[in-house]
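Peer 1: So the sequence shown is residues 40 to 459, counted in our numbering. Beta carbons: idealized from backbone N, C-alpha and C, even for Gly. There's a structure below that I have some questions on.
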Amino acid sequence: MLRKIWELPAQLSTVVWHDTDSDMRAVWLCGLNILLLIGACVATPRAYAASFYTTTVVLAMLALGSVAAILITVSRLVEREVRVETTTPRPSDLDAIRSKALLDHAPVTLLYESSDGIVHAANRAARRLFSTEDHLPAEQALMFETQDRLLRFSPSSGIPPRTYSLSSIQTSGTGGIRQLIALMDIETELNEADARALRELLSVLSHEIMNSLTPVISLAETAHDLAQRLNEAQSQEMLVEALNTIMRRTRGINRFVQGYRTLARLPSPERRPIFLKDLALTLAALFEARWGEQVLLRVNFPPSHSIANLDAEQIEQALLNLLNNAADAALESKNDTRPTVWLETKVISSGTIFFVRDNGPGVAEANREAIFQPFFTLKRDGSGIGLTLARQIALSHGGSLTLAAAQPLAPWKTSFIFTV
Numbered sequence: 040m041l042r043k044i045w046e047l048p049a050q051l052s053t054v055v056w057h058d059t060d061s062d063m064r065a066v067w068l069c070g071l072n073i074l075l076l077i078g079a080c081v082a083t084p085r086a087y088a089a090s091f092y093t094t095t096v097v098l099a100m101l102a103l104g105s106v107a108a109i110l111i112t113v114s115r116l117v118e119r120e121v122r123v124e125t126t127t128p129r130p131s132d133l134d135a136i137r138s139k140a141l142l143d144h145a146p147v148t149l150l151y152e153s154s155d156g157i158v159h160a161a162n163r164a165a166r167r168l169f170s171t172e173d174h175l176p177a178e179q180a181l182m183f184e185t186q187d188r189l190l191r192f193s194p195s196s197g198i199p200p201r202t203y204s205l206s207s208i209q210t211s212g213t214g215g216i217r218q219l220i221a222l223m224d225i226e227t228e229l230n231e232a233d234a235r236a237l238r239e240l241l242s243v244l245s246h247e248i249m250n251s252l253t254p255v256i257s258l259a260e261t262a263h264d265l266a267q268r269l270n271e272a273q274s275q276e277m278l279v280e281a282l283n284t285i286m287r288r289t290r291g292i293n294r295f296v297q298g299y300r301t302l303a304r305l306p307s308p309e310r311r312p313i314f315l316k317d318l319a320l321t322l323a324a325l326f327e328a329r330w331g332e333q334v335l336l337r338v339n340f341p342p343s344h345s346i347a348n349l350d351a352e353q354i355e356q357a358l359l360n361l362l363n364n365a366a367d368a369a370l371e372s373k374n375d376t377r378p379t380v381w382l383e384t385k386v387i388s389s390g391t392i393f394f395v396r397d398n399g400p401g402v403a404e405a406n407r408e409a410i411f412q413p414f415f416t417l418k419r420d421g422s423g424i425g426l427t428l429a430r431q432i433a434l435s436h437g438g439s440l441t442l443a444a445a446q447p448l449a450p451w452k453t454s455f456i457f458t459v
C-alpha cells in the first residue's frame, strides 16, 4: 500500500509524459507535483501532532514521491532529444525556393519598389552592390525616380562611379510590389566601344597622314642639300631658312602622327601576377631618378602579400605618365608649400585602384573632360598623349581613368583614379 502511494506521482508523470510531447503538459505536471509536495509538507506535522501516525507516514511517502516525480520530469525535459520531423514541402514552397535561387544566381542587379515607396534588394547581386540585406537608403532610392535609361553613380564611398543601364516595369501591385527594377553594369562595354572607335580613328589618320608626309620630308631634305650649293649668298640664305621651316614643321607633324600611332598600336595586355609593393617601389625609384629633390613623393605602399594580375610594363608606363604629369603640376604651384606628389594603392574585391595626387594649381572645371582628349595639353612642351595613353591602358585592362572631384580640405588639388 505504502509503495503504491510512493509510486503514484511518478506513475502520473510517466503516463502524462508518454501521452503527449507537449512541453506545456510536462510543466503543468511538474507544477502539480510541487503543489502536492507543499500540501504534504504542511499536513504531515499536523497529522503527527494529532497522533495520526499512519496518516503521517502516508503523507511523508506522498511528499517523497512528489519529489521523485519532479526530479524525473525535469531530468527528462533536459535530456530529451529534440525530434526532427521530416515533412514534404508543398509545391508552392518548392516554387518559392526555386525562384529565390534563380534570382540570387542572376548576374543582373534586381530590385523592387514596394507599395510604401521603399526600394528593396531582390537578389544577391543587388545586396552586394548596395551593401544591404534588405532595403536601400532613401538617398540611393531617389535616383531610380529619373526618366533616364542610363545611371552613373558610386554605390559606396571610395569606389569610382560606374555606368548602369536601367530598366523598370510597373506592376499592378500584386504582392505589394509597385515596380520591378533591373540594373546592368555597362561601364566595361562603353569603355571598350570608346577604345575601339578611337583605335580605328587613329589607325586611319596615321595611315593617311604618313603617306603624305614621308615624301615631303624626303624632298625637303634634298632641297636643303641643293640649296647649300647656290652661289648667291642672299638667295642661299633665304632658301635655307625656308627649307628649315618646312623641315621643322613637317617633323613636328611627323611627331604628331607618331603619337597617334602609339595610341593606335597599343598591344593587348599580357597579364601576369605581380606584387603591388614591388611595382610601387619601381615607380618610386624611377620618379626619384627624374625629379630628385625638386618634388617630394609620398607613397602609401600596399601590403607585401598583395598580388594583382596585370601587364606590369603597361601599368608601369601609365602610372609613370601620371606621376610625371603630377610632378609638373606640383612645380607650377604658386603657394609656399613644397611640391608634393602622392601615390596610393588600394586593393578591392573587383580589382586594384591607384590614386595619383599632387598639390599643384588643380584642373579648371572647363578642362576636366578635355584633358583626356588626344593631344590636348596645358604644358608648353607637352605632347598631349600621356593621359590618353594611360586611359587606353586602363581600358585595355577592363578598368578606367577618372579625375576625382576636388576636395577643398585635402592637401592635394588634383587626384586621378586609375582602376584596373
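Kindly confirm or deny that the stretch 383–391 and the stretch 186–194 touch, where touching means at least three C-beta pairs closer than 8 Å.
Peer 2: In short, these stretches do not touch, since the Cβ pair count stays below three.
Peer 1: Where in the stretch 366–444 do unbroken runs of the beta strand (DSSP E), each at least 3 residues long, occur, reported from the N-terminal end onward?
Peer 2: List check, beta strand (DSSP E) in window: 379–387, 390–397, 439–442.
Peer 1: For a quick check, are the C-beta atoms of Ser-211 and Ala-221 less than 8 Å apart?
Peer 2: As a first step, residue 211 must be located in the sequence shown, where it is residue number 172. As a first step, residue 221 must be located in the sequence shown, where it is residue number 182. Not a contact, by the Cβ cut-off of 8 Å.
Peer 1: Could you round the C-beta distance between Leu-315 and Pro-341 to whole angstroms and report it? I think they count as a contact, below 8 Å.
Peer 2: Looking up residue 315 in the sequence shown gives position 276. Looking up residue 341 in the sequence shown gives position 302. Sure, about 4 Å apart at Cβ, within 8 Å.
Peer 1: Hey, is the stretch 157–169 in contact with the stretch 225–233, meaning 3+ C-beta pairs nearer than 8 Å?
Peer 2: Cβ pair count under 8 Å is below three, so no.
Peer 1: Starting from the C-beta of Leu-38, find all residues in its chain whose C-beta is less than 6 Å away, skip the five residues before and the five after it, and write them out in chain order.
Peer 2: This structure leaves residue 38 out entirely; the chain is present only between 40 and 459.
Peer 1: Quick check on the DSSP output: the alpha helix (DSSP H) that includes Arg-217 runs from which residue to which?
Peer 2: Taking the sequence shown and counting its residues from 1, one reaches residue 217 at position 178. No alpha helix (DSSP H) holds Arg-217; the beta strand (DSSP E) holding it covers 216–224.
Peer 1: Thinking just about the alpha-carbon of each residue, which of Thr-95, His-344, Leu-318, Ala-328 is nearest to the one in Asp-350?
Peer 2: Position 311 of the sequence shown, counting from 1, holds the residue named residue 350. For Asp-350, the nearest C-alpha among the options comes from Leu-318.
Peer 1: Would Ile-432 and Gln-333 qualify as a contact pair, given that the criterion is a beta-carbon distance under 8 Å?
Peer 2: Counting from one through the sequence shown, the residue named residue 432 turns up at place 393. Counting from one through the sequence shown, the residue named residue 333 turns up at place 294. Not in contact: Ile-432 and Gln-333 (Cβ atoms no closer than 8 Å).
Peer 1: State the DSSP-derived secondary structure class of Leu-175, mapped to helix, strand or coil.
Peer 2: The residue given as residue 175 occupies position 136 in the sequence shown. Reduced to three states, the DSSP call for Leu-175 is coil.
Peer 1: Leu-415 and Leu-440: beta carbons closer than 8 Å?
Peer 2: Position 376 of the sequence shown, counting from 1, holds the residue named residue 415. Position 401 of the sequence shown, counting from 1, holds the residue named residue 440. Checking the sequence shown, residue 415 turns out to be Phe, not Leu. Taking 8 Å as the Cβ cut-off, Phe-415 and Leu-440 do not qualify as a contacting pair.
Peer 1: So which of Pro-447, Leu-175, Leu-320 has the shortest CA-CA distance to Glu-152?
Peer 2: In the sequence shown, the residue the question calls residue 152 occupies position 113. Per the Cα distances, Leu-175.
Peer 1: Could you pull out every residue in the same chain whose Cβ sits closer than 6 Å to the Cβ of Pro-199, ignoring the five residues on either side in sequence?
Peer 2: Residue numbering aside, residue 199 sits at position 160 when the sequence shown is read from its first letter. Contacts found: Thr-441, Ile-456, Thr-458.
Peer 1: Straight-line CA distance for Val-81 to Thr-95?
Peer 2: What you label residue 81 is simply residue 42 of the sequence shown in a count that begins at 1. What you label residue 95 is simply residue 56 of the sequence shown in a count that begins at 1. The alpha-carbon atoms of Val-81 and Thr-95 are separated by roughly 11 Å.
Peer 1: Quick check: what's the CA-CA separation for Pro-447 versus Ser-245?
Peer 2: Position 408 of the sequence shown holds residue 447. Position 206 of the sequence shown holds residue 245. Pro-447 and Ser-245: Cα-Cα distance of roughly 42 Å.
Peer 1: Starting from Arg-166, trace the alpha helix (DSSP H) both ways and give me its first and last residue.
Peer 2: The sequence position of residue 166 within the sequence shown is 127, counting from 1. Per DSSP, Arg-166 belongs to the alpha helix (DSSP H) from 163–169.
Peer 1: Pull up the distance between the alpha-carbon of Val-106 and that of Ile-216, whole angstroms please.
Peer 2: Position 67 of the sequence shown, counted from the start, is the residue given in the question as residue 106. Position 177 of the sequence shown, counted from the start, is the residue given in the question as residue 216. One C-alpha to the other measures close to 59 Å.
Peer 1: Among all the DSSP beta bridges, which residues are the ones paired with Glu-152?
Peer 2: Residue mapping note: residue 152 aligns to position 113 of the sequence shown, counting from 1. BP columns for Glu-152 point to Val-158, Gln-218.
Peer 1: Does Arg-430 pass the burial test, meaning 16 or more other C-beta atoms within 10 Å, or should it be called exposed?
Peer 2: Indexing the sequence shown from 1 puts residue 430 at position 391. That one is buried.
Peer 1: Do you know offhand how far Thr-202's Cα is from Thr-148's?
Peer 2: In the sequence shown, residue 202 corresponds to position 163, counting from 1. In the sequence shown, residue 148 corresponds to position 109, counting from 1. Whole-angstrom Cα-Cα distance: 13 Å.
Peer 1: To the nearest angstrom, how far is the alpha carbon of Thr-93 from that of Ile-77?
Peer 2: The residue given as residue 93 occupies position 54 in the sequence shown. The residue given as residue 77 occupies position 38 in the sequence shown. Distance between the alpha carbons of Thr-93 and Ile-77: 19 Å.
Peer 1: Is the CB-CB distance between Arg-396 and Ala-365 below 8 Å?
Peer 2: To locate residue 396, count along the sequence shown from 1; it is residue 357. To locate residue 365, count along the sequence shown from 1; it is residue 326. Contact flag set, yes.
Peer 1: Is it right to say Ser-307 is buried, meaning 16 or more other beta carbons lie within 10 angstroms of its own, or is it exposed?
Peer 2: Here residue 307 corresponds to residue number 268 of the sequence shown, with the count starting at 1. Its Cβ having fewer than 16 others within 10 Å, Ser-307 is exposed.
Peer 1: Given a cut-off of 8 Å, decide if Ile-313 and Thr-25 are closer than it, judged by their beta-carbon atoms.
Peer 2: This structure does not reach residue 25, given that the chain is present from 40 up to 459, and the question cannot be answered.
Peer 1: Could you check how far apart the C-beta atoms of Phe-394 and Ser-454 are, in whole angstroms? I think they sit under 8 Å.
Peer 2: Position 355 of the sequence shown, counted from the start, is the residue given in the question as residue 394. Position 415 of the sequence shown, counted from the start, is the residue given in the question as residue 454. That belief holds up - the Cβ atoms of Phe-394 and Ser-454 are roughly 6 Å apart, short of 8 Å.
Peer 1: In its own chain, which residues sit with a C-beta less than 7 Å from the C-beta of Leu-359, not counting the 5 before and 5 after it?
Peer 2: One-based indexing of the sequence shown puts residue 359 at position 320. So the list reads Leu-322, Leu-325, once near-sequence residues are dropped.
Peer 1: What three-state label does DSSP hand Ala-89 in the structure shown?
Peer 2: As a working note, residue 89 is residue 50 in the sequence shown. Note: Ala-89 maps to coil in three-state DSSP.
Peer 1: Within a Cβ cutoff of 8 Å, which residues of the same chain sit near Val-113, ignoring the five residues on either side of it in sequence?
Peer 2: In the sequence shown, the residue the question calls residue 113 occupies position 74. Cβ within range, chain order: Cys-69.
Peer 1: Identify every residue that forms a DSSP beta bridge with Gln-186.
Peer 2: Position 147 of the sequence shown, counting from 1, holds the residue named residue 186. Paired residue(s): none; Gln-186 is not in a bridge.
Peer 1: CA-CA distance, Ala-347 and Thr-384?
Peer 2: Here residue 347 refers to the residue found at position 308 when the sequence shown is read from its first residue. Here residue 384 refers to the residue found at position 345 when the sequence shown is read from its first residue. If I take the Cα positions, the gap works out to 11 Å.
Peer 1: Return the Cβ separation of Glu-371 and Gly-401 in integer angstroms, given the expectation that the two are a contact with Cβ distance under 8 Å.
Peer 2: For the purposes of this step, residue 371 is taken as the residue at position 332 of the sequence shown. For the purposes of this step, residue 401 is taken as the residue at position 362 of the sequence shown. Contact doesn't hold; Cβ gap of about 10 Å is too wide.
Peer 1: Apart from the five residues on each side of it in sequence, which residues of its chain come closer than 6 Å, Cβ to Cβ, to Gly-437?
Peer 2: Residue 437 sits at position 398 when you count from the first residue of the sequence shown. Cβ within range, chain order: Thr-227.
Peer 1: Using a Cβ-Cβ cut-off of 6 Å (strictly less than) and excluding sequence neighbours within five positions of Ala-443, which residues of its own chain qualify?
Peer 2: For the purposes of this step, residue 443 is taken as the residue at position 404 of the sequence shown. Answer for Ala-443: Ser-454, Ile-456, listed in chain order.
Peer 1: Would you mind sorting Gly-104 into buried or exposed? The rule is 16 or more other CB atoms within 10 Å of its CB.
Peer 2: As a position in the sequence shown, residue 104 is number 65, starting the count at 1. Buried, because 16 or more other Cβ atoms sit within 10 Å of the Cβ of Gly-104.
Peer 1: Cα-Cα, which of Leu-75, Glu-404, Arg-137, Ser-90 is closest to Ala-108?
Peer 2: As a first step, residue 108 is located in the sequence shown; it is residue number 69 there, counting from the start. Minimum Cα distance to Ala-108 is reached at Leu-75.
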